[in-house]
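Reading through the C-alpha cells given below for one structure.
Chains as they are written, first to last, in the numbering used here: chain A, 108 to 219; chain B, 155 to 266.
As C-alpha cells, then:
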C-alpha cells in the first residue's frame, strides 16, 4: 500500500554542521513532496517542497533532493542551528487533490 | 495573514465521554483537513473537506468520530464515546487545494 517512511528515527548533529534527513516513499505515482518541521507543542510547519519534475530545490539553508529512481527524498540543512531542533516529516501527495501522506518523522537534535 | 486557529489547546476526558474540537481555517482556503497524530508518529488523515462537502473520510472511524463544516468555513470534529486509544493531538490544516498545507497548533486530547 501507499506509505512514506524515514530511515532514522533520531539524528544528532553538532551546531554548525550540515544535517541530512532521509525519507523513502513507496508510491511511484506521487508527484509532489513536502518537508515539514514540527516543534514541541506546535503543528507541522512547511519548510520546502518539490515536484516530481525536479530533482533538486534550494531554499534558505535547506535543500531537498528527489531521486525518483529509488523513490528517495532527502532534506539537507546547512550550518545547523539549535533552533533547527525538531521532528522533521516528509509528506507525499499521491495525486491531484488527494491528501498528503506523512512519514513517521525524524527527531533532529542539535548539540551546542 | 492569520493562521489556522484551533481550540481548545488541551482536553482531558474520561473514556466513554464525548469531546469536540473546533477549527477556523485561513480565510479563503477552500480545503480543510483533520489529522490525528499519535505520540511519536506522523499525522494521519481523518477527513478532508472541500468547502462544505466531504472529499475523503475513508479513514474516519465513523462509529465514534464525526465532523462537519456546515458553512464551508469553520469545522468541528467530535468523538463520542472516546476510547483510551483516541489520546492524540488532533491537527487541523487548510489549503487552497494546491501546494502545502498550513497547520494549526492542534488540540492535545488525553483520555483517561
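For every residue, glycine included, the Cβ atom is placed at its ideal position computed from N, Cα and C. Every value quoted in this text rests on a predicted model; they were computed, and no experiment measured them.
Can you check whether the C-beta of residue i is within less than 8 Å of a C-beta belonging to chain B?
i              : result
residue 180(A) : no
residue 156(A) : yes
residue 207(A) : yes
residue 196(A) : yes
residue 189(A) : no
residue 151(A) : yes
residue 210(A) : yes
residue 224(A) : Examination of residue 224(A) is not possible in this model, given that chain A is present from 108 through 219 alone.
Compare the C-alpha of residue i against each of the options and name the closest.
i              : options                           : result
residue 238(B) : 188(B), 264(B), 232(B) and 223(B) : 264(B)
residue 220(B) : 228(B), 233(B) and 157(B)         : 233(B)
residue 244(B) : 184(B), 201(B) and 156(B)         : 201(B)
residue 185(A) : 122(A), 195(A), 204(A) and 211(A) : 122(A)
residue 161(A) : 153(A), 167(A), 152(A) and 171(A) : 171(A)
residue 206(B) : 199(B), 217(B), 230(B) and 216(B) : 230(B)
residue 252(B) : 139(A), 119(A), 135(A) and 117(A) : 139(A)
residue 217(B) : 208(B), 249(B), 196(B) and 236(B) : 236(B)
residue 212(A) : 158(A), 137(A), 136(A) and 146(A) : 146(A)
residue 195(A) : 169(A), 203(A) and 204(A)         : 169(A)
residue 193(B) : 173(B), 241(B) and 256(B)         : 241(B)
Measure from the C-beta of residue i to each C-beta in chain A and report whether the shortest distance is under 8 Å.
i              : result
residue 190(B) : no
residue 244(B) : no
residue 193(B) : no
residue 255(B) : yes
residue 202(B) : yes
residue 182(B) : no
residue 197(B) : yes
residue 260(B) : yes
residue 210(B) : yes
residue 251(B) : yes
Around the C-beta of residue i, are 16 or more other C-beta atoms found within 10 angstroms, so that it is buried, or is it exposed?
i              : result
residue 168(B) : exposed
residue 191(A) : buried
residue 162(B) : exposed
residue 199(B) : buried
residue 266(B) : exposed
residue 224(B) : exposed
residue 148(A) : exposed
residue 68(A)  : With chain A represented from 108 up to 219, any question about residue 68(A) goes unanswered, as that position is not in the structure.
residue 188(A) : exposed
residue 177(A) : exposed
residue 108(A) : Reliability fails at residue 108(A), whose pLDDT of 37 lies under 50, so the model's placement of it is uncertain and the value that follows must be treated cautiously. Exposed, because fewer than 16 other Cβ atoms sit within 10 Å of the Cβ of residue 108(A).
residue 167(A) : exposed
Can you tell me the Cα-Cα spacing of residue i and residue j, whole angstroms?
i              : j              : result
residue 125(A) : residue 131(A) : 20 Å
residue 208(A) : residue 201(A) : 8 Å
residue 179(B) : residue 156(A) : 21 Å
residue 163(A) : residue 175(A) : 11 Å
residue 150(A) : residue 176(B) : 15 Å
residue 165(B) : residue 191(B) : 15 Å
residue 254(B) : residue 219(A) : 31 Å
residue 260(B) : residue 183(A) : 27 Å
residue 114(A) : residue 204(A) : With a pLDDT of only 48 at residue 114(A), under the threshold of 50, the placement of this residue in the model should not be trusted; the figure read from the coordinates follows. Computed Cα separation, rounded: 27 Å.
residue 179(A) : residue 227(B) : 36 Å
residue 198(A) : residue 215(B) : 23 Å
Considering residue i, what are the terminal residues of the beta strand (DSSP E) in which it resides?
i              : result
residue 179(A) : 179 to 184
residue 150(A) : From DSSP, residue 150(A) is part of no beta strand (DSSP E); its letter is neither H nor E.
residue 180(B) : Segment: none, residue 180(B) is in no beta strand (DSSP E) and carries neither H nor E.
residue 159(B) : 159 to 161
residue 214(A) : 213 to 218
residue 263(B) : 261 to 265
What does residue i touch in chain C if you count any residue whose Cβ is under 9 Å from its own?
i              : result
residue 141(A) : No chain C is part of this structure, whose protein chains are labelled A and B.
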